[in-house]
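K.L.:
The structure follows.
Protein chains: 2
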Amino acid sequence: MSQHRHPGAPGRAGAVPALPDLPEATVARLPEYLRALHNLAETGHETISSEGLANAAGVNSAKLRKDLSHLGSYGTRGVGYDVALLVEQIEYVLGLTQRRAVALVGVGNLGHALAGYDGFAGRGFRIAALFDADPRRIGEEINGLVVRHIDELPEVAAAEAVAIGVIATPAPAAQRVADQLVAVGVTSILNFAPCVLSVPEGVDVRKVDLAIELQILSFHEHRKAALTALPAAGGSALTALPGGFAVTESQEAIGT
Amino acid sequence: MSQHRHPGAPGRAGAVPALPDLPEATVARLPEYLRALHNLAETGHETISSEGLANAAGVNSAKLRKDLSHLGSYGTRGVGYDVALLVEQIEYVLGLTQRRAVALVGVGNLGHALAGYDGFAGRGFRIAALFDADPRRIGEEINGLVVRHIDELPEVAAAEAVAIGVIATPAPAAQRVADQLVAVGVTSILNFAPCVLSVPEGVDVRKVDLAIELQILSFHEHRKAALTALPAAGGSALTALPGGFAVTESQEAIGT
DNA sequence: CGCGATTTGTGCACGTCTTCACAAGCGCCT
DNA sequence: AGGCGCTTGTGAAGACGTGCACAAATCGCG
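In order, the protein sequences belong to chains A and B.
If you count the first sequence from 1, position 23 lands on 23 in the numbering used here, and the numbers rise without skipping.
If you want the numbering used here, it's the 1-based position in the second sequence plus 1000.
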């Protein structure tokens, strides 16, 4: 490789290929690749093939190569990818070269856990402040941070340059909190409340709903049970049949 | 509608249209529709148009109609959907007519929060048991459940008919736990540990990684900053340009 | 009873994502 | 130096998901 010195380095090196606009599906996978690469780096690998990285990240190797090709050509044919270089590239593209400040709103059950979760610091983020609306929670200290009242958001957000807001409140409070976050200039929100947020254009919202994940699993569980209960039936016959297949319900303990 | 009485009712009614195989994207949205429908039912709506439900669920109305059409025709033209009927249908398809037993492994920071989260009970699930490997945690009571040692998993899983496992352990322990869950017949796993699990075919794994969600947001944040910093530049010029656009980094507090 | 307003269900076209398969490139060994 | 094996990067094809736009169906009203 002719160019072994940071083709698109984050820091001061001039030649940044700016941001290619990546397919959204690719963006969603990059963090997984990054995690896998960090693991590989710790276990002493200096280079890794697409096959190897794909396995570590749980994806198809062709997909991985296409994903990485969108960032530019950082692999070497016959050898693989330089782990350190790739880490640097992905971190740059994801905007992780600076530690982003996160404001966490809602210090209930889940909020507590998030505030105490140490997985953030190691992955490019810093919880800058905790907020809640319940007076009884104000002043409480969690993991070295004091819980402040949500009305103090404007001052704190400005002082800490908060870029990302995390909502861990009950659903009824979430929209109001979202509005407050948007009002202080936050343009990215991670929403744990089970409700839809409406935000102005330009603000990104990602939603994580634990019950929804379980319900999706439940569907597949239901489906697997139905399939094992009707081993030979060829599908087509099932579509509109009125004859009762009440069986599908009873079968719960699966293959075992 | 000629057939207004539960065309594919869950319970004892015979004529179940079995499970149509839904597109995965549709399955992922059904829980959101379900939540919205429950809200609507509580606010007294008996019927709802695709437009109304789509708004409540945060999706396009055509998409919603197409999704629902996969379950069969449960709407009335000129009127809309019967809320109660639709709830029943979706709950049936998702396999929520029975309360599924969930085993939660790992009662650390996050596990504690999940164990205390009351959003599960109302949405079709029942946390049947808590497990951990740390002897200091065994015996602790959370939300009315006692933490047991992971080695007791086989007995408990059998007694409680556990169908779904939730892994909230640190990453290094996750694969081992997954193996143990699979060994006792669990075929659906929700994984909060930041690592890839390998499981036999037929076992479904869904992953939730908080840091990944933040990193995806970070990317968009990075991109938005880059765009506002280069308002007029027409994209094409940026692709390979060596001239330094170091600006892209500094711009943090967005629009506002 | 018929008509118009309303809303569902869907055919179609388009864009995105995935996967295969292979040429081009690279390093190593002889 | 040359050839061989390995791995990347990508063209092309197919699967999948989305959204428009409209025909078909239903209700309510005159």
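In this text, a Cβ means the ideal position worked out from N, Cα and C, and glycines have one as well.
Please confirm if Ser1188/B has its CB atom under 7 Å from at least one CB of chain A.
P.N.:
Within the second sequence, numbered from 1, the residue matching residue 1188/B stands at position 188. Cβ-Cβ to chain A under 7 Å: yes for Ser1188/B.
K.L.:
Going by beta carbon distance, what residues of the same chain come within less than 8 Å of Pro1194/B, once the five residues before and after it are set aside?
P.N.:
What you label residue 1194/B is simply residue 194 of the second sequence in a count that begins at 1. Here the set comprises Ala1171, Asp1209, Ala1211, Ile1212.
K.L.:
Counting only the same chain and skipping the five closest in sequence on each side, list residues whose C-beta sits under 7 Å from that of Glu1051/B.
P.N.:
As a working mapping, residue 1051/B is identified with position 51 in the second sequence. Excluding sequence neighbours, Glu1051/B sits near Ser1061.
K.L.:
Taking only runs of the alpha helix (DSSP H) that begin and end inside the region 119-178 of chain A, which ones reach a length of at least 4 residues, in chain order?
P.N.:
153-160
K.L.:
Please specify which runs of the beta strand (DSSP E), each continuous and at least 3 residues long, are wholly inside the region 1179-1211 of chain B, giving them in chain order.
P.N.:
1188-1191, 1204-1207
K.L.:
Mind pulling the chain A residues with CB within less than 9 Å of Ala1211/B?
P.N.:
Residue numbering aside, residue 1211/B sits at position 211 when the second sequence is read from its first letter. Neighbourhood of Ala1211/B in chain A, by CB distance below 9 Å: Pro31, Arg35, Tyr117, Gly119, Phe120, Gly122, Arg123, Gly124, Phe125, in chain order.
K.L.:
Would you tell me roughly how many angstroms separate the C-alpha atoms of Ala101/A and Glu46/A, rounded to the nearest one?
P.N.:
As a position in the first sequence, residue 101/A is number 101, starting the count at 1. As a position in the first sequence, residue 46/A is number 46, starting the count at 1. Distance between the alpha carbons of Ala101/A and Glu46/A: 31 Å.
K.L.:
Mark Gly1234/B as exposed unless 16 or more other C-beta atoms lie within 10 angstroms of its C-beta, in which case mark it buried.
P.N.:
For the purposes of this step, residue 1234/B is taken as residue 234 along the second sequence, with counting starting at 1. Residue confidence is low: Gly1234/B scores 42 on pLDDT, short of 50, so the model does not pin down where it sits. Its coordinate-derived value is still stated next. Exposed, by the Cβ-count rule.
K.L.:
Run through chain A and tell me which residues come within less than 7 Å of Ser1069/B, C-beta to C-beta.
P.N.:
One-based indexing of the second sequence puts residue 1069/B at position 69. What Ser1069/B touches in chain A: nothing, since even the nearest Cβ is about 14 Å away.
K.L.:
May I ask which residues mark the beginning and end of the beta strand (DSSP E) holding Val105/A?
P.N.:
Numbered from 1 along the first sequence, position 105 holds the residue referred to as residue 105/A. Val105/A -> beta strand (DSSP E) spans 100-105.
K.L.:
Please confirm if His220/A has its CB atom under 7 Å from at least one CB of chain B.
P.N.:
Sequence index remark: in the first sequence, residue 220/A carries index 220 (1-based). Yes - at least one Cβ of chain B is within 7 Å of the one on His220/A.
K.L.:
Since Tyr81/A is in the alpha helix (DSSP H), which residue starts that stretch and which ends it?
P.N.:
The sequence position of residue 81/A within the first sequence is 81, counting from 1. Unbroken run through Tyr81/A is the beta strand (DSSP E), 80-82; no alpha helix (DSSP H).
K.L.:
If you drop the 5 nearest sequence neighbours on each side, which residues of the same chain put their C-beta closer than 8 Å to that of Gly1202/B?
P.N.:
What you label residue 1202/B is simply residue 202 of the second sequence in a count that begins at 1. Cβ neighbours of Gly1202/B beyond the five flanking positions: Thr1187.
K.L.:
To which residues of the same chain is Arg1137/B closer than 7 Å at the C-beta, ignoring the five residues directly before and after it?
P.N.:
Counted from its first residue, the second sequence places residue 1137/B at position 137. Counting only Cβ-Cβ distances below 7 Å, and skipping sequence neighbours, we find Val1107, Val1147.
K.L.:
Determine whether the Cβ of Arg1099/B lies closer than 7 Å to any Cβ atom of chain A.
P.N.:
Here residue 1099/B is taken as the residue at index 99 of the second sequence, counted from 1. No, Arg1099/B lies away from the interface with chain A (no Cβ there is under 7 Å from its Cβ).
K.L.:
What is the C-beta distance between Ala1036/B and Glu221/A, in whole angstroms, given that I count them as a contact (C-beta under 8 Å)?
P.N.:
Taking the first residue of the second sequence as position 1, residue 1036/B is located at position 36. Taking the first residue of the first sequence as position 1, residue 221/A is located at position 221. Contact doesn't hold; Cβ gap of about 23 Å is too wide.
K.L.:
Whose Cβ in chain A lies nearer than 8 Å to the Cβ of Gln1215/B?
P.N.:
As a first step, residue 1215/B is located in the second sequence; it is residue number 215 there, counting from the start. Going along chain A in sequence order, the residues near Gln1215/B (Cβ under 8 Å) are Leu30, Pro31, Leu34, Leu94, Leu96, Arg123, Gly124.
K.L.:
What's the gap between the Cα of Gly1116/B and the Cα of Tyr81/A?
P.N.:
Stepping through the second sequence from its first residue, residue 1116/B is reached at position 116. Stepping through the first sequence from its first residue, residue 81/A is reached at position 81. C-alpha separation (whole angstroms): 44 Å.
K.L.:
Where does the unbroken alpha helix (DSSP H) through Asn1039/B begin, and where does it stop?
P.N.:
The residue labelled residue 1039/B in the question sits at position 39 within the second sequence. Per DSSP, Asn1039/B is one residue of the alpha helix (DSSP H) stretching across 1024-1042.
K.L.:
Taking a Cβ distance cut-off of 8 Å, strictly less, list which residues of the region 46-76 of chain A are near chain B, in chain order.
P.N.:
So the close ones are Ala56, Ala57, Gly58.
K.L.:
Work out the CA separation of Ala1056/B and Arg1077/B for me, nearest whole Å.
P.N.:
Translated into the one-based positions of the second sequence, residue 1077/B becomes position 77. Translated into the one-based positions of the second sequence, residue 1056/B becomes position 56. Looking at the two C-alpha atoms, the distance is approximately 20 Å.
K.L.:
In whole angstroms, what separates the C-alpha of Asp1179/B from that of Ala1025/B?
P.N.:
Start at 1 with the first residue of the second sequence, and residue 1179/B comes out as number 179. Start at 1 with the first residue of the second sequence, and residue 1025/B comes out as number 25. So the two alpha carbons sit approximately 28 Å from each other.
K.L.:
To the nearest angstrom, how far is the alpha carbon of Gln1098/B from that of Gly1124/B?
P.N.:
Your numbering for residue 1098/B matches position 98 in the second sequence. Your numbering for residue 1124/B matches position 124 in the second sequence. Those two C-alpha atoms are separated by around 7 Å.
K.L.:
State the beta-bridge partners of Thr1076/B as determined by DSSP.
P.N.:
What you label residue 1076/B is simply residue 76 of the second sequence in a count that begins at 1. Note: Thr1076/B sits in a beta bridge opposite Gly1080/B.
K.L.:
Per DSSP, what are the beta-bridge partners of Ile1048/B in this structure?
P.N.:
Taking the first residue of the second sequence as 1, we reach residue 1048/B at position 48. According to DSSP, Ile1048/B bridges with Tyr1081/B.
K.L.:
Apart from the five residues just before and just after His1038/B, which ones in its own chain have a Cβ nearer than 8 Å to its Cβ?
P.N.:
Against the second sequence, residue 1038/B aligns to sequence position 38. Within the same chain, His1038/B has close Cβ partners Val1087.
K.L.:
Does Asn143/A pass the burial test, meaning 16 or more other C-beta atoms within 10 Å, or should it be called exposed?
P.N.:
Here residue 143/A refers to the residue found at position 143 of the first sequence. Exposed, because fewer than 16 other Cβ atoms sit within 10 Å of the Cβ of Asn143/A.
K.L.:
Over what stretch of residues does the alpha helix (DSSP H) that includes Asn60/A continue unbroken?
P.N.:
The sequence position of residue 60/A within the first sequence is 60, counting from 1. No alpha helix (DSSP H) holds Asn60/A; DSSP gives it neither H nor E.
K.L.:
Give the interface partners of Pro1208/B over in chain A, defined as CB-CB distance under 7 Å, in chain order.
P.N.:
The sequence position of residue 1208/B within the second sequence is 208, counting from 1. Note on residue identity: the sequence assigns Val, not Pro, to residue 1208/B. Simply Val208, Glu213.
K.L.:
Taking the alpha-carbon positions, what's the Leu114/A to Ala1157/B distance?
P.N.:
Translated into positions along the first sequence, residue 114/A becomes position 114. Translated into positions along the second sequence, residue 1157/B becomes position 157. Rounded to the nearest angstrom, the two C-alpha atoms are 29 Å apart.
K.L.:
Rounding to the nearest angstrom, what Cα-Cα distance links Val199/A and Val1059/B in this structure?
P.N.:
Position 199 of the first sequence, counted from the first residue, corresponds to residue 199/A. Position 59 of the second sequence, counted from the first residue, corresponds to residue 1059/B. Val199/A and Val1059/B: Cα-Cα distance of roughly 14 Å.
K.L.:
For Arg29/A, count neighbouring Cβ atoms within 10 angstroms of its own Cβ and tell me buried if that reaches 16, exposed if not.
P.N.:
Here residue 29/A corresponds to residue number 29 of the first sequence, with the count starting at 1. It is buried - the Cβ of Arg29/A has at least 16 other Cβ atoms within 10 Å.
K.L.:
According to DSSP, simplified to helix, strand and coil, what is Thr1228/B?
P.N.:
The residue you call residue 1228/B lines up with position 228 of the second sequence. The three-state reading of DSSP puts Thr1228/B in helix, counting H, G and I together.
K.L.:
Quick one: list the residues of chain A neighbouring Asp1179/B, beta-carbon separation under 9 Å, in chain order.
P.N.:
Locating residue 1179/B in the second sequence gives position 179, where the first residue counts as 1. Per Cβ cutoff of 9 Å: no residues; Asp1179/B is ~15 Å from chain A at best.
K.L.:
With H, G and I counted as helix, E and B as strand and the rest as coil, what does DSSP make of His70/A?
P.N.:
Within the first sequence, the letter at position 70 stands for residue 70/A. Looking at His70/A - three-state DSSP - the assignment turns out to be coil, as it is neither helix nor strand.
K.L.:
Mind pulling the chain A residues with CB within less than 9 Å of Asp1204/B?
P.N.:
Here residue 1204/B refers to the residue found at position 204 of the second sequence. Per Cβ cutoff of 9 Å: Ile216, Leu217, His220, Glu221, Lys224.
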